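Single-structure report; data block below.
The structure is reproduced here in structure tokens:
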């Protein structure tokens with residue numbers, strides 16, 4: 001035989017409906033509050049995001065300006081280095097030219113000195129040959145004079 005299941009006694013539905021309406025109203029107020037908080041949170045996040053993007057734009061603009069200044073300073077430094085390098089090359093070239101000129105002048109002086117020494121040696125040799133020739137002619141003349149007597 002089937003057993004009978006005990007049932008709850010019948011209740012009135014009216015009080016439950018009024019409690020449900022109160023609960024629904026409280027839930028609606030709570031939802032409105034949550035919506036307001038959500039809206040405020042959204043506005044706060046949007047404002048923070050906007051401020052952050054403005055700050056980022058300002059930071060990027062400052063960075064670009066700084067990079068432009070650095071590039072201008074770099075170009076100026078490179079121009080100064082190139083000018084100094086060119087001046088150094090010109091100075092070295094002028095020094096090399098002066099050294100070559102002095103070397104050529106010294107070589108020319110040495111050639112002139114050697115030519116003068118050669119001239120003196122030639123004159124001395126010519127004089128020595130002339131004296132030797134005079135001496136030989138005197139001996140030959142003396143030998144002829146002695147052979148005649």
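Residue numbers (full-length UniProt numbering): 1 to 149. From the three backbone atoms N, C-alpha and C, an ideal C-beta is built for every residue, glycine too. As the structure is a prediction and not an experimental result, all values here were calculated from the model.
Residue 130 and residue 139 have their C-alpha atoms spaced approximately 14 Å apart. Our two residues, residue 58 and residue 83, have alpha carbons roughly 37 Å apart in a direct line. Residue 28 and residue 60 have their alpha carbons spaced roughly 47 Å apart. Straight through space, the alpha carbons of residue 98 and residue 89 are spaced by roughly 14 Å.
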